[in-house]
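Sequence order for the protein chains is A and B.
Take the position in the first sequence, starting the count at 1, then add 2; the result is the number in this note's numbering.
Take the position in the second sequence, starting the count at 1, then add 672; the result is the number in this note's numbering.
All C-beta atoms in this analysis are idealised placements derived from N, C-alpha and C, irrespective of residue type, glycine included.
Only one structure is covered here, and it is reproduced in the block below.
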Amino acid sequence: MSEYNVLIVEDSPTMRQLIAFALKRIRGVRIVEANDGVDGLKKLSAERFDLILTDINMPIMDGLKLVSLVRNDANYKNIPIVVITTEGAQEDRERALTLGANDYITKPIQPTKILEVAKGLLRIV
Amino acid sequence: MQKDDDRLTSRGEEFLQVFKKGAEFTQDLMRENERLRYRLLELEKTPSPGGGDPPAQEVRRLSERIADLEAEKQEILDRIRQVEEENHDFAARYLEIEDENNNLANLYIASYQLHSTLDFCEVLQIITEIIINLIGAEEFAILLLDEKSDELQAVATEGVEREQIPVVRLGKGVIGQVAQSGENHFVSDVDDYQRDFLSPMVCIPLKIKEHVIGVLAIYKLLVQKKEFAPVDYELFTLLAGHAATAIFSSRLYSDSERKLSTIQGFIDLLTK
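Below, the structure written as structure tokens:
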């Protein structure tokens with residue numbers, strides 16, 4: 003039985019692998035991967051998640067739309083969301099946070115940063 | 673007269689009685705005095721636990737013990753200081769190892785992804801992802817060398833249109849020289865760099881052993897990427913070798929698939 007279920011929504015397999023590598027250092031973590039926002043919502047409906055990490059720029063449904071849908075759904079609205087994107091501009095950060103994202107990580111990805119943010123939102127000391 | 677004599681005798685006896693009692697009392701006092709003097713001498717000979725001066729031998733023994741304990745205390749303090757220094761070293765080493773671990777993970781993932789497909793377009797896509805996600809470049813191009821014309825032409829770009837990247841002859845300009853020499857090119861100051869499609873800030877030859885098949889040219893880094901980290905140079909080295917192999921293999925595979933399809937078409941024509 004996993005202690006923490008984490009959903010990674012990212013179209014790039016390289017990024018998914020890199021994020022998963024960082025998160026696997028958390029004891030008892032189970033990772034589920036989704037290719038885009040639609041796939042992410044499908045996976046969300048199948049089981050309970052403790053954290054969502056999503057890219058912004060994705061085909062079919064982008065990360066901002068996913069954040070908005072999750073925050074407006076009574077079943078998922080309390081799941082912490084971390085947005086990962088190439089955009090470092092303040093306005094993108096603010097947009098994601100306004101829509102309901104809990105935190106924001108910019109590329110290039112640092113595994114230590116992912117781990118730090120995930121641990122904080124999962125309330126792991 | 674007789675009466676006076678009797679009174680005098682009686683008073684003399686009374687005086688004598690008093691004198692005897694005084695003598696007895698004095699003797700008692702002298703005995704008590706003697707006893708107390710003897711007791712005092714005894715007490716002076718016996719060392720008292722609560723007070724008085726301890727014998728010199730005991731003082732020396734205690735002084736030596738104090739000196740030993742002081743030395744031991746100093747030794748323990750030195751050891752604590754040494755352990756604290758070691759702890760600092762271990763903490764610093766832990767961070768270094770953590771960094772190395774992350775860097776190795778980046779390199780492993782890049783290498784794993786590069787060799788995960790034989791599709792030419794997918795290989796280019798993976799190289800693009802590595803450059804964006806692991807190195808943090810915003811504008812770049814992958815140019816491949818046409819060995820018949822000795823020209824380098826962009827096959828994939830990010831942040832710029834492919835048409836914006838000029839065709840470069842082998843040996844000409846920074847890109848041509850990198851392709852000819854097989855040596856990496858980095859500008860000395862990333863901050864001062866002005867975009868020039870013929871002279872990128874970073875130009876890495878894509879090599880199979882010493883054979884250059886193309887170059888990677890970077891023109892702009894992501895806004896939050898201020899400078900190159902040591903792992904970036906490792907990634908460039910990895911890209912130079914593994915990306916070249918992956919591109920070369922996928923091109924060979926695509927060509928062979930195309931030829932196989934053509935041959936199969938001929939066979940089908942002949943056998944029908």
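Next on the checklist: With a threshold of 8 Å between beta carbons, is L20 (chain A) in contact with chain B?
Outcome noted: Position 18 of the first sequence holds residue 20 (chain A). Residue-level contact by beta carbon holds for L20 (chain A) and chain B, with a gap shorter than 8 Å.
Checklist entry - Apart from the five residues just before and just after V862 (chain B), which ones in its own chain have a Cβ nearer than 8 Å to its Cβ? => result In the second sequence, counting from the first residue as 1, residue 862 (chain B) sits at position 190. Around V862 (chain B): M873, L893, K898, E899, F900.
Next on the checklist: Considering only their Cβ atoms, is the gap separating I83 (chain A) from V69 (chain A) smaller than 8 Å?
Outcome noted: On the first sequence, residue 69 (chain A) is found 67 positions in, with the first residue counted as 1. On the first sequence, residue 83 (chain A) is found 81 positions in, with the first residue counted as 1. Yes. Within cutoff.
Checklist entry - Just the Cα atoms here: how many angstroms apart are L46 (chain A) and D868 (chain B)? => result Residue mapping note: residue 46 (chain A) aligns to position 44 of the first sequence, counting from 1. Residue mapping note: residue 868 (chain B) aligns to position 196 of the second sequence, counting from 1. A straight-line Cα-Cα distance of about 46 Å links L46 (chain A) and D868 (chain B).
Checklist entry - Which whole-angstrom value is the C-beta distance of Y891 (chain B) and V832 (chain B), which I expect to be below 8 Å? => result In the second sequence, residue 891 (chain B) corresponds to position 219, counting from 1. In the second sequence, residue 832 (chain B) corresponds to position 160, counting from 1. Taking C-beta atoms under 8 Å as the contact rule, Y891 (chain B) and V832 (chain B) qualify, at a distance of about 7 Å.
Item to check | Residue ranges of each alpha helix (DSSP H) within the segment 3–87 of chain A, 4 or longer | outcome: List check, alpha helix (DSSP H) in window: 15–25, 39–48, 65–73.
Checklist entry - What does M17 (chain A) touch in chain B if you count any residue whose Cβ is under 8 Å from its own? => result Along the first sequence, one-based indexing puts residue 17 (chain A) at 15. Residues of chain B passing the Cβ test: E801, N805.
Checklist entry - What residues in the segment 763–778 of chain B bring their beta carbon closer than 9 Å to a beta carbon of chain A? => result Residues passing the 9 Å Cβ filter: E770, D771, N773, N774, A777, N778.
Item to check | Segment limits, alpha helix (DSSP H) that includes E811 (chain B) | outcome: For this step, residue 811 (chain B) is matched to residue 139 along the second sequence. Here E811 (chain B) belongs to no alpha helix (DSSP H); instead the beta strand (DSSP E) covers 809–818.
Checklist entry - Of all Cβ atoms in chain A, is any one closer than 8 Å to the Cβ of F814 (chain B)? => result In the second sequence, residue 814 (chain B) corresponds to position 142, counting from 1. Rather than Phe, the amino acid found at residue 814 (chain B) in this sequence is Ile. Not an interface residue.
Next on the checklist: I need the straight-line Cα distance from E96 (chain A) to L66 (chain A), nearest angstrom please.
Outcome noted: Walking along the first sequence from the start, residue 96 (chain A) turns up at place 94. Walking along the first sequence from the start, residue 66 (chain A) turns up at place 64. If you draw a straight line from the Cα of E96 (chain A) to the Cα of L66 (chain A), it is about 11 Å long.
Checklist entry - Is V731 (chain B) buried or exposed, if buried means 16 or more other CB atoms sit within 10 Å of its CB? => result For the purposes of this step, residue 731 (chain B) is identified with residue 59 of the second sequence, where counting begins at 1. Exposed is the call here.
Checklist entry - Around the C-beta of T698 (chain B), are 16 or more other C-beta atoms found within 10 angstroms, so that it is buried, or is it exposed? => result Against the second sequence, residue 698 (chain B) aligns to sequence position 26. Burial check for T698 (chain B): the Cβ neighbour count within 10 Å stays below 16, so the residue is exposed.
Checklist entry - How about P113 (chain A): is its C-beta nearer than 8 Å to some C-beta of chain B? => result If you number the first sequence from 1, residue 113 (chain A) lands on position 111. Chain B, which has a Cβ nearer than 8 Å to the Cβ of P113 (chain A), makes this yes.
Checklist entry - Are I111 (chain A) and V119 (chain A) closer than 8 Å when you measure CB to CB? => result Start at 1 with the first residue of the first sequence, and residue 111 (chain A) comes out as number 109. Start at 1 with the first residue of the first sequence, and residue 119 (chain A) comes out as number 117. No; because the gap between Cβ atoms is not below 8 Å, this pair is not in contact.
Next on the checklist: Using a Cβ-Cβ cutoff of 8 Å, what residues of the segment 67–89 of chain A are near chain B? List them in chain order.
Outcome noted: Against chain B - using a Cβ distance shorter than 8 Å - the residues of the segment 67–89 of chain A are T88.
Checklist entry - If you check the beta carbons only, do F762 (chain B) and S926 (chain B) fall under 8 Å apart? => result The count along the second sequence starts at 1 and reaches residue 762 (chain B) at position 90. The count along the second sequence starts at 1 and reaches residue 926 (chain B) at position 254. Result no, Cβ atoms of F762 (chain B) and S926 (chain B) do not sit closer than 8 Å.
Next on the checklist: Using the three-state DSSP reduction, which class does R841 (chain B) fall into: helix, strand or coil?
Outcome noted: In the second sequence, the residue the question calls residue 841 (chain B) occupies position 169. R841 (chain B) sits in a strand when the DSSP states are folded into three classes.
Item to check | Residue closest to L911 (chain B), alpha-carbon to alpha-carbon, out of B:E742, B:K675, B:A777, B:I802 | outcome: Here residue 911 (chain B) corresponds to residue number 239 of the second sequence, with the count starting at 1. Minimum Cα-Cα distance from L911 (chain B) among the listed residues B:E742, B:K675, B:A777, B:I802 corresponds to B:I802.
Item to check | Amino acids of chain B, ordered along the chain, whose beta-carbon sits closer than 8 Å to that of T1 (chain A) | outcome: Residue 1 (chain A) falls outside the range modelled here, since chain A spans only 3 to 127, and no answer is possible.
Checklist entry - Quick one: does G913 (chain B) have its CB under 8 Å from some CB of chain A? => result Working through the second sequence from its first residue, we reach residue 913 (chain B) at position 241. Judged by the 8 Å Cβ criterion, G913 (chain B) is not in contact with chain A.
Checklist entry - Apart from the five residues just before and just after Q836 (chain B), which ones in its own chain have a Cβ nearer than 7 Å to its Cβ? => result Position 164 of the second sequence, counting from 1, holds the residue named residue 836 (chain B). Excluding positions up to five away in sequence, the list reads F869.
Item to check | 8 Å contact criterion, which V40 (chain A) and I62 (chain A) should meet: CB distance rounded | outcome: Counting from one through the first sequence, the residue named residue 40 (chain A) turns up at place 38. Counting from one through the first sequence, the residue named residue 62 (chain A) turns up at place 60. Confirmed, about 5 Å.
Checklist entry - Can the beta-carbon of T88 (chain A) be found closer than 8 Å to that of I814 (chain B)? => result Against the first sequence, residue 88 (chain A) aligns to sequence position 86. Against the second sequence, residue 814 (chain B) aligns to sequence position 142. Not a contact, by the Cβ cut-off of 8 Å.
Checklist entry - Should Q936 (chain B) go down as buried or exposed, given a rule of 16 or more other Cβ atoms within 10 Å for buried? => result As a working note, residue 936 (chain B) is residue 264 in the second sequence. With a 10 Å radius around the Cβ and a threshold of 16 neighbouring Cβ atoms, Q936 (chain B) comes out exposed.
Next on the checklist: I'd like to check one pair, Y6 (chain A) with R27 (chain A): are the Cβ atoms closer than 8 Å?
Outcome noted: Taking the first residue of the first sequence as 1, we reach residue 27 (chain A) at position 25. Taking the first residue of the first sequence as 1, we reach residue 6 (chain A) at position 4. With contacts defined by Cβ atoms closer than 8 Å, R27 (chain A) and Y6 (chain A) do not form a contacting pair.
Checklist entry - Sorted by chain position, which residues of the same chain lie with C-beta nearer than 7 Å to N778 (chain B)'s C-beta, five sequence neighbours on each side aside? => result Start at 1 with the first residue of the second sequence, and residue 778 (chain B) comes out as number 106. Sequence-distant Cβ neighbours of N778 (chain B) in its own chain, meaning closer than 7 Å and more than five residues away, are L806, V903, L907.
Checklist entry - Does any CB atom of chain A fall closer than 8 Å to the CB of I781 (chain B)? => result One-based indexing of the second sequence puts residue 781 (chain B) at position 109. Yes, contact with chain A.
Checklist entry - Who are the neighbours of F23 (chain A) on chain B, taking C-beta pairs under 8 Å? => result For this step, residue 23 (chain A) is matched to residue 21 along the first sequence. The answer, in chain order, is A777, I781.
Checklist entry - What alpha helix (DSSP H) runs, 4 residues minimum, are completely inside the segment 842–924 of chain B? => result For the segment 842–924 of chain B, whole alpha helix (DSSP H) runs of length 4 or above, ordered along the chain, are 845–853, 902–910.
Next on the checklist: Considering only their Cβ atoms, is the gap separating I81 (chain A) from A24 (chain A) smaller than 8 Å?
Outcome noted: Within the first sequence, the letter at position 22 stands for residue 24 (chain A). Within the first sequence, the letter at position 79 stands for residue 81 (chain A). Their beta carbons are not under 8 Å apart, which means A24 (chain A) does not touch I81 (chain A) by this criterion.
Checklist entry - So, does the CB of S47 (chain A) fall closer than 8 Å to a CB anywhere in chain E? => result No chain E appears in the structure shown, which is made up of the protein chains A and B.
Checklist entry - Leaving out five residues before and five after T800 (chain B) in sequence, what residues of the same chain have Cβ atoms less than 7 Å from its Cβ? => result Position 128 of the second sequence, counting from 1, holds the residue named residue 800 (chain B). Same-chain partners within the cutoff: A828, E830.
Next on the checklist: If contact is defined by three or more beta carbon pairs under 8 Å, each pair taking one atom from either stretch, is the segment 772–790 of chain B in contact with the segment 914–924 of chain B?
Outcome noted: Output reads yes: the segment 772–790 of chain B touches the segment 914–924 of chain B.
Checklist entry - Cα separation between E794 (chain B) and P15 (chain A)? => result If you number the second sequence from 1, residue 794 (chain B) lands on position 122. If you number the first sequence from 1, residue 15 (chain A) lands on position 13. Here the C-alpha atom of E794 (chain B) lies approximately 11 Å from the C-alpha atom of P15 (chain A).
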